[in-house]
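Okay, structure first, notes after.
Chains as they are written, first to last, in our numbering: chain P, 1 to 396; chain S, 1001 to 1396.
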């Protein structure tokens, strides 16, 4: 049983130390979380405290001085945030909503996070049904917020295949690819934790608001985690550092859709740095939502993924494949369309109409296929034409 | 000025020796093309001739014996095709239609072909306006016969960009991507030879017939070449070996569209073996015409190409001839067959059965070889016999 004072101290540290602040981990390791918290609360570090900092390498005096100077500055920085230091309140809140605060000393702490070294989280706030699964059986599925139907279809295929293999689908809870990943993972009746959402803000206010229902569903059947204590809002810095947790907690991270400059590439970079496997789904050239995926494949050791069966080789043999698990389609209007129909729908402009030839060029489909598909889309009130020129129907 | 007897001899050799028959190059190198032709015409190799064969490595008696044995068999094979040996007719014909027959001794012979080693062509029949450009400024653009509009669009973008850089677009003159590559290259008013077509049959009958106008246009503004002398038709064996010329003559080969099993992958494999740069255009997953491109990117050192500007970096690099790269294992039924087996398969009629003697006449192989090969083809369900008469098995 882990000391409750230790847990309380680490909870407090997450309230004043931002994610990936390496000096927080250095201080907690050298002094212990309780002593570090005492110092942030006002105690003056003793000569012995300073000496303990460099005990692991007593000969490197230059490094020792640097750490002392930087940690001294950091303590000042953390002290200025003491007004947020309410560990008992936060722990009480998380218990009331049925959640937990887990710390590296817990046996349920994911071993994979140690790969983050000095940016390992000080603790994780967790809400859900079960523990965080091993990275070895976890697939990170990430991508653009403005996902296309093509991207959703690819996400769905991968999520279903992963769940059939008993693999957990982990993502960031955002709009677009993230939401599709969680939703389709939840729809499979498989073994183990279906999905893990890694958020960039506290669990008291699920973000983004438009995903509230989905995120609540994750807390019922899966797990939501975050470094941020209750009360803390996500911001750009926290989103970017959240991505390192997605990378660390997944043996494989696949970017489904990403623009040339996209946050999903940041997650892929973290995964590369951690030596995790990275994959990306290709798409038609000139389609902006695939440009980031192509960039990853071109410029980094990222594998091209064009088949859910690729998960078999990526995750290797040790995993059970259960192809009999049920999949209950989440209800969405557009799910009645197949891949090619979704491609055409996505290619349709919203304002000015376009020709069938132009749609051929974008989608790679032949004229007869396009014509048939447009007729079906028209019947579903998803497309409209005038004099042979087509566009997406409004309000779809 | 190259000796006309030398040119005449090499012209004759192309009439009896199939492309990529290594023993033809070995014989022509050791004895000179004229002496090799004399021997095929009936002269008996002298003791000195046999000795000349292994002068480059006099110590390896085992290799010497093997070469002597194989070359002896090959001479028998070539002699059985002597009825095709009409070099003066062929040279007269190519001159009348405004073409040429170029040989390795010519200064216009493309230096890059030497990378083919013992499968370097014995000569090239050429029709067109200009010489074959250097491989360093040549882009091979290849792909499916059943190209999609997406594939054509990508081909067009690359062909235009290449021509804007003064780079020649080389392809195989076939339907689909090949035709688009030639067509769009011809459409750009740039410097140098716009396009080179590498054919698998003689220049007297342009193949495929549906591309006749395009191929004629290439002879006006670009260059058509082939190893096959006038009068020889393309067959599967010749198509596959034509691909090695496309690979050798291009610093960069890009596969625009290809199914999972496609002849374009064969060209990419040749290019990898020659240490040339290889690229492939991605497309939507689950679209069959992109599956071969994705396979290349996944399984071989093939670069993903999603932007015509990629040609800037590809042609900026120094010309590589590194032969250590991996290549994609062929997996088609027919790819388990060797050169001679493919020759026999190609020679088999589809309807009425034929005799082994007749197959000897067509293929130039001896009866024992043919018999062994037919047995293997039968085992692979590629050939069937009745009362010693053979034909191709249907649906192969």
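In this text, a Cβ means the ideal position worked out from N, Cα and C, and glycines have one as well.
Note that the structure is predicted; figures quoted are calculated from it, not measured.
> Is residue 1123 of chain S near residue 1094 of chain S, with beta carbons less than 8 Å apart?
Replying inline: Pairing residue 1123 of chain S with residue 1094 of chain S gives a Cβ-Cβ distance that is not under 8 Å.
> Quick one: does residue 1297 of chain S have its CB under 8 Å from some CB of chain P?
Replying inline: yes
> If we cut at 8 Å on Cβ distances, does residue 150 of chain P have a partner in chain S?
Replying inline: yes
>> Using DSSP's beta-bridge definition, name the partner residues of residue 1392 of chain S.
In response: S:1383
>> Using only the alpha-carbon positions, how far apart do residue 267 of chain P and residue 247 of chain P sit?
In response: 6 Å
> What residues from chain S crowd round residue 180 of chain P, counting only those whose CB sits closer than 7 Å?
Replying inline: Here the premise fails: no neighbours, minimum Cβ distance about 15 Å.
> So which of P:314, P:344, P:16, P:169 has the shortest CA-CA distance to residue 287 of chain P?
Replying inline: P:344
> Between the C-alpha atoms of residue 1390 of chain S and residue 1038 of chain S, what's the straight-line distance to the nearest angstrom?
Replying inline: 34 Å
>> I'd like to know if residue 343 of chain P contacts chain S, where contact means its C-beta is closer than 8 Å to some C-beta of that chain.
In response: Cβ-Cβ to chain S under 8 Å: yes for residue 343 of chain P.
>> Any beta carbon of chain S sitting closer than 8 Å to that of residue 388 of chain P?
In response: No, because no Cβ of chain S sits closer than 8 Å to the Cβ of residue 388 of chain P.
> Are the CB atoms of residue 1348 of chain S and residue 1298 of chain S nearer to each other than 8 Å?
Replying inline: no
>> Looking at the strands, I want to know which residues DSSP matches up with residue 255 of chain P.
In response: DSSP lists P:142, P:280 as the beta-bridge partner residues of residue 255 of chain P.
> Of all the CB atoms in chain S, is at least one closer than 8 Å to the CB of residue 160 of chain P?
Replying inline: no
> By the criterion of Cβ-Cβ separation under 7 Å, what are the contact partners of residue 1281 of chain S in chain P?
Replying inline: 285
>> Restricting to runs no shorter than 4 residues, where is the alpha helix (DSSP H) found entirely within the stretch 1181-1215 of chain S?
In response: none
>> On a Cα-Cα basis, can you pick out the residue from P:42, P:43, P:18, P:10 that is closest to residue 32 of chain P?
In response: P:10
> Hey, residue 1256 of chain S and residue 1373 of chain S: beta-carbon distance below 8 Å or not?
Replying inline: no
> Beta-carbon of residue 184 of chain P versus every beta-carbon of chain S: anything under 8 Å?
Replying inline: It does not: the Cβ of residue 184 of chain P has no partner Cβ on chain S nearer than 8 Å.
> Where does residue 175 of chain P sit, in a helix, a strand or coil, going by DSSP?
Replying inline: coil
> Mapping DSSP to helix, strand and coil, what is residue 125 of chain P?
Replying inline: strand
>> DSSP three-state label for residue 1354 of chain S, please.
In response: Secondary structure at residue 1354 of chain S: strand, using DSSP grouped into helix, strand and coil.
>> Just verifying my parser: in three-state terms, what is the DSSP assignment at residue 1132 of chain S?
In response: coil
> Alpha carbon to alpha carbon, what distance is there between residue 376 of chain P and residue 341 of chain P?
Replying inline: 8 Å
>> Bridge partners for residue 1303 of chain S per DSSP, in chain order?
In response: For residue 1303 of chain S, which the question treats as bridged, DSSP gives the partners S:1279.
> From residue 1006 of chain S to residue 1034 of chain S, what does the alpha carbon distance come to, in whole angstroms?
Replying inline: 6 Å
> Looking only at its own chain, which residues have a Cβ that is under 7 Å from the Cβ of residue 232 of chain P, when we skip the five neighbours before and after it?
Replying inline: Contacts found: 201, 202.
>> Can you give me the C-alpha to C-alpha distance between residue 217 of chain P and residue 265 of chain P, rounded to a whole angstrom?
In response: 27 Å
>> Please identify the residue among S:1111, S:1154, S:1092, S:1152 whose C-alpha is closest to the C-alpha of residue 1133 of chain S.
In response: Comparing Cα-Cα distances from residue 1133 of chain S to each of S:1111, S:1154, S:1092, S:1152, the minimum goes to S:1111.
>> Am I right that residue 1194 of chain S and residue 1169 of chain S are in contact with their C-beta atoms under 8 Å? What's the rounded C-beta distance?
In response: 7 Å
>> Below 8 Å, how does it come out for the stretch 352-361 of chain P and the stretch 268-281 of chain P: are there three or more Cβ pairs, yes or no?
In response: No: fewer than three Cβ pairs fall under 8 Å.
> Using a beta-carbon distance below 8 Å, is residue 334 of chain P in contact with chain S?
Replying inline: Confidence at residue 334 of chain P is low in this model, with a pLDDT of 44, below 50, so its placement is unreliable and no value can be given for it.
> Skipping 5 residues on each side, what residues in its chain have a beta carbon closer than 7 Å to that of residue 1166 of chain S?
Replying inline: 1137, 1190, 1191, 1192
> Short check: CB of residue 158 of chain P to CB of residue 199 of chain P, under 8 Å?
Replying inline: no
>> Under 7 Å, CB to CB, which of the residues in the stretch 1346-1370 of chain S have a partner in chain P?
In response: Going along the stretch 1346-1370 of chain S in chain order, one finds no residue with a Cβ nearer than 7 Å to chain P.
> How many whole angstroms separate the CB atoms of residue 1077 of chain S and residue 1364 of chain S, which I take to be in contact at a CB cut-off of 8 Å?
Replying inline: Their Cβ separation, rounded to whole angstroms, is 4 Å, which keeps residue 1077 of chain S and residue 1364 of chain S in contact under 8 Å.
> By DSSP, does residue 100 of chain P sit in helix, in strand, or in coil?
Replying inline: strand
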